[in-house]
Every structure is written in C-alpha cells, then in structure tokens.
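K.L.:
Before we start, here is the structure in question, set down as structure tokens.
As structure tokens, this is what we get:
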C-alpha cells in the first residue's frame, strides 16, 4: 500500500527540519518494522519556488563593496603623498635660495691686511710651515 501526502515545509537559511513522530494505537514506543509495518520508507523533498537570483547583482555589489573603498583610500594616499613631496620641494627651494644669496667667491686679503694681522710677519705669530710657505695665526 503506497501512501503519498504533500506537506508544506518552512526552509530557513538553506536548512530543512523534519521531525517524525509515531502515533500508532496508543503505544508509547516506536514499534519494530514487523509489527505495524514500516514507519516511513522514503521521504522526497521538492521545492516549489525558484532559486534566488545569484550572480550579477551579488557580484556587482561585492565588486563595488571592495573596489570603491580601495579606490578612495588609494586616491587619498596619492594626494597625501603629493602634498608631502611638494612641501619638501618648497622647503628645499628656500634652502637653495639662502645658499645662492651667499657670495661663493673666496675672500682675498690685501698685503696690508695680512701685514697688520701678523704684526709685520712677526716670527712669534708663526704656527709652522705649510706647502706654500709659513703659516701665521
């Protein structure tokens, strides 16, 4: 004897619960297969709905959810890097302008200035001998 019954079932989060209860002739225990026949020989589950849409909408959302924040962070990083590079260049230009303002030629002393500074080339002011002659303080 084949008995077929359709029952609606709730499926949540891709999970279906099936509870089987024996309700036969006032017994308190589940009978063995030979006494009252087999309990249930087969259960078949068939869906009556279409699959939820997958693919494009989920993929587009995932792509936007990943690439938009990455793009924003990348743009901000480039702007911050550009700011610091320009700031460093501006400070370097100021230093270069200060150095360019200094006269780069060595100062040359006249003979009269050297004679006055060494007290007429006094040997008491002599420190030693160099490759170009005596060295005075």
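Numbering (the UniProt record's numbering), first residue to last: 1 to 137.
By construction, the Cβ of each residue, glycine as well, lies at the ideal position given by its N, Cα and C atoms.
(1) So what does DSSP say about residue 5, is it helix, strand or coil?
(2) Quick check on residue 37: does DSSP put it in helix, strand or coil?
(3) Can you name the start and end residues of the alpha helix (DSSP H) that residue 115 belongs to?
(4) What number of angstroms, rounded off, separates the C-alpha of residue 128 from the C-alpha of residue 135?
(5) Heavy atom of the ligand PLP less than 7 Å from the Cβ of residue 7, yes or no?
(6) Taking DSSP as the reference, what is the three-state secondary structure of residue 136?
(7) In terms of DSSP beta bridges, what is residue 11 paired with?
P.N.:
Straight from the coordinates:
(1) Here residue 5 is taken as the residue at index 5 of the chain shown, counted from 1. For residue 5, the three-state secondary structure derived from DSSP is coil.
(2) Within the chain shown, the letter at position 37 stands for residue 37. Bear in mind that a pLDDT of 49 at residue 37, under 50, signals an unreliable position, so the model cannot answer this.
(3) Within the chain shown, numbered from 1, the residue matching residue 115 stands at position 115. Run containing residue 115: 111-117, per the alpha helix (DSSP H) assignment.
(4) As a working note, residue 128 is residue 128 in the chain shown. As a working note, residue 135 is residue 135 in the chain shown. Approximately 5 Å between the Cα atoms of the pair.
(5) In terms of ligand content, the structure shown is empty, and the ligand PLP therefore cannot be addressed.
(6) In the chain shown, the residue the question calls residue 136 occupies position 136. Strand at residue 136.
(7) Here residue 11 corresponds to residue number 11 of the chain shown, with the count starting at 1. Note: residue 11 sits in a beta bridge opposite 16.
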